[in-house]
Structure formats: C-alpha cells, structure tokens
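The sequence shown begins at 5 in the numbering used here and counts up one residue at a time.
Please read the structure below before turning to the comments.
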Amino acid sequence: MTFVGLALLFFLSCSKSGTDEPANPCEGLTIVVNGTVTNTAGPGSTTGSIAATAKGGSGFTFSLNNGPFQASGTFSNLAAGTHTIRAKNSDGCIGSGSFTVSDGDPCAGKTISVTVDVSSSEKCGKTGTITVTASGSTGFTYRLNASGTYQASNNFTGLEPGNYTVYAKDAAGCETTKAATVGAVANGPLFTAVVTLINSKCSGCHTGTNPTSGISLGTDCAIVEKKNSIKSQAVDLETMPKGGPALSAADKKVITDWITAGGKTSD
Ligand code: HEC
5 MTFVGLALLF FLSCSKSGTD EPANPCEGLT IVVNGTVTNT AGPGSTTGSI
55 AATAKGGSGF TFSLNNGPFQ ASGTFSNLAA GTHTIRAKNS DGCIGSGSFT
105 VSDGDPCAGK TISVTVDVSS SEKCGKTGTI TVTASGSTGF TYRLNASGTY
155 QASNNFTGLE PGNYTVYAKD AAGCETTKAA TVGAVANGPL FTAVVTLINS
205 KCSGCHTGTN PTSGISLGTD CAIVEKKNSI KSQAVDLETM PKGGPALSAA
255 DKKVITDWIT AGGKTSD
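Below you can see the structure in the form of structure tokens.
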C-alpha cells in the first residue's frame, strides 16, 4: 500500500512538471499595495498625493489609474477622489490598491483676524461708516451682515445707527466675523431746544404714544422728518399750535435757527 501511494505521488508530480508549460510565477502570489495618502489643500486643489509601497516580490514599478508604470510609487498633484495604484514586480505579477484622496480644510492653521474702524451716523440719517481691516490671509472680500453681498472694498458707507456683523472672507473661502456698532451722533444744542419747545407747546396733540392729532412729533426722527412742515405751520402760517396762541418770536427763532443750521439732530 505504501509503495502504491508513493508511486501515485510520483506520477502526479511528474505529470505536472513534465509538461512544457512554464510555471506561472504569479500563481498563488498576492501582491499587497499599501499607500500613504496626503489630502489636498482644499476643494478644487490638486495638491494631494499617494506614496505607495508593495509587498510580494521585488523590483516593483507602479502605475496610477492605468497610466504607465514608473519606478517611483509616489504620485503627486492629485485631485480629491479615489485613485487606483497598480504595482508590478520583476516577474510581471500585478496587484492593486484603491486610495481615497480627500479635500483638506483650507482654513486649518489659519488665524484670520478682523478689526473695524467705525464712525457714527446722524441719528435720523445714514451717514455712518465701517472700515474693515483683515489680516492672516490674502484675497479678502467683505460684506455687512449675513444678508449682504461680498465686495472687494473694505469700506461701507451710508449706514444708519445700529448693530452690524462684518464678514471677511479670504480667497479660499475662510470666513471670519466681527461685531460692529454704528453709534448715533449726540443731539446738538439747536435741536435740543426744538425738542424742548415741542414738548411744551405742542404736547398732548403731537406727543405721547397716541397723539390726538394723529400726527406724532414725539420722537427725534419724527421731528426731523416733519421739519419743513413744522416751520410752515408754526412759523410762517401760524396755524400751529392749533387754536393758538401763535408762537412767540423767540420760539419761532428756535425753530428757524435749527432749520437754517441744517435741521439735523446733531445741529
Ligand atoms: C390743540 C392741539 C394741537 C396743538 C397744541 C398743536 N397741534 Fe399741530 N396739529 C393738530 C392737528 C389736529 C393737526 C392735523 C391737521 C389739522 O387739523 O389742522 C395738526 C397738524 C400739524 C402739522 C402738520 C403735520 C403734517 O403731516 O405735515 C404740523 C407740522 C403741526 N401740527 C405742528 C405743530 C407744532 C409745531 C405745534 C406746537 C408748536 C403744534 N402742531 C401744536 C393739533 C395740534
């Protein structure tokens, strides 16, 4: 039995090696391709790379995405995506590996800082300005508030008093914000005198939340808005205060002095 078994074994191995076909050196050989991926600098960038090495033989050459084989296993200038690297050993045996290059965060490692230079606005006008200075990157554009549109100029004019959010964005889209408050210019002496006059001579009918005339002169901006009408009714025509008596010359002068100076709250 033992003899027969050996003979059979000999026969099998003999018949196998006895053919003219050369042994396939790749049969049963697994070539493993490993790679170290470097992501791109950000969306749209092609600075990704893969450094591949292979196991399962020697004398490897490498091919990227079915391109030509080259000695180096490092492939650079890659966009984000999945890339296939094939490795071929000196016997022509090939293995492959898939590697995903991702887009890196273009804002990582950047510190963008924003400062604002604000000038106040006329209380009932739009004369405020904000000038933005951004540093820590390049290619900045700017906008005011989330609803604003990015612009190249770092200067915003024609602003009414209020709170704003300033946005600065660099060329890669990295955004930084900064709060800015446009203050109101303080009331000037001429306007203050007009407010005092209206509160004493026109009150009841024009002041308070529900003036009996239906016309409010109870806020600074309402007075500014109606200044020409105030002058014509109370100074020129003497139709106000309604029912009389007409304003004194000194009271009229309070109104005309203010309007002549410009009729602004800051006058
Ligand atoms: C007794 C109530 C009363 C007093 C006091 C009074 N007004 Fe009037 N005013 C009215 C009424 C009512 C009207 C609406 C028009 C009308 O009836 O003539 C009016 C209208 C006006 C208007 C026109 C508003 C517009 O839409 O253009 C002005 C300006 C005005 N008043 C200014 C004054 C000023 C300034 C004073 C104080 C110096 C004054 N009024 C005092 C009752 C009053």
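Glycine included, C-beta positions come from ideal geometry on N, C-alpha and C.
Classification of residue i by the beta-carbon crowding that lies within 10 angstroms, buried from 16 upward
| i | result |
| --- | --- |
| Ser275 | Outside the displayed span of the chain (5 to 271) sits residue 275, for which this structure offers no information. |
| Val36 | exposed |
| Leu241 | exposed |
| Ser114 | Reading off the sequence shown, one finds Lys at residue 114, where the question assumed Ser. Lys114 is exposed by the Cβ-count criterion. |
| Phe103 | buried |
| Pro110 | buried |
| Asp271 | buried |
| Ile234 | buried |
| Asn93 | buried |
| Lys246 | exposed |
| Ile54 | buried |
| Tyr146 | buried |
| Thr243 | exposed |
| Ser17 | At Ser17, the pLDDT of 40 sits below 50, so the modelled position is not reliable and the matter cannot be decided from this model. |
| Ile134 | buried |
| Gly96 | exposed |
| Leu194 | buried |
| Ile219 | exposed |
| Ser67 | buried |
| Phe73 | exposed |
| Ala172 | buried |
| Leu82 | buried |
| Met5 | Confidence at Met5 is low in this model, with a pLDDT of 33, below 50, so its placement is unreliable and the value that follows should be read with caution. Met5 comes out exposed. |
| Tyr154 | exposed |
| Leu251 | buried |
| Asp174 | buried |
| Leu33 | exposed |
| Ala183 | exposed |
| Gly267 | buried |
| Ser141 | buried |
| Ala253 | exposed |
| Thr44 | buried |
Bridge partners - residue i, DSSP secondary structure assignment
| i | result |
| --- | --- |
| Asn203 | Its beta-bridge partners do not exist; DSSP assigns none. |
| Leu82 | Gly52 |
| Tyr154 | Bridge partners of Tyr154: none, in fact. |
| Ala253 | Beta-bridge pairing links Ala253 to no other residue. |
| Ala172 | Tyr146, Thr180 |
| Phe160 | Ile134 |
| Leu68 | Ile89 |
| Ser141 | Ser141 pairs with nothing; no bridge assigned. |
| Gln74 | Phe66 |
| Ser117 | Ser139 |
| Ala58 | Val37 |
| Gly248 | None; Gly248 has no bridge partner. |
| Thr42 | Ser53 |
| Gly99 | Ala91 |
| Asp107 | Thr44 |
Looking at C-beta atoms only, is the number of pairs between the stretch 124 to 140 and the stretch 74 to 92 that lie closer than 8 Å three or more? Judged by Cβ distances under 8 Å, the stretch 124 to 140 makes no contact with the stretch 74 to 92, as fewer than three pairs qualify.
Is the stretch 206 to 226 close to the stretch 151 to 166, with three or more CB pairs under 8 Å? Touching, no, given that fewer than three Cβ pairs across the two stretches are closer than 8 Å.
Tell me whether the stretch 258 to 268 and the stretch 170 to 184 touch, counting them as touching only if at least three CB pairs, one residue from each stretch, are closer than 8 Å. Verdict: no, contact absent.
What are the start and end residues of each continuous alpha helix (DSSP H) run of 4 or more residues lying completely inside the stretch 182 to 226, in chain order? The stretch 182 to 226 contains, as complete alpha helix (DSSP H) runs of 4+ residues, the segments 193 to 205 (chain order).
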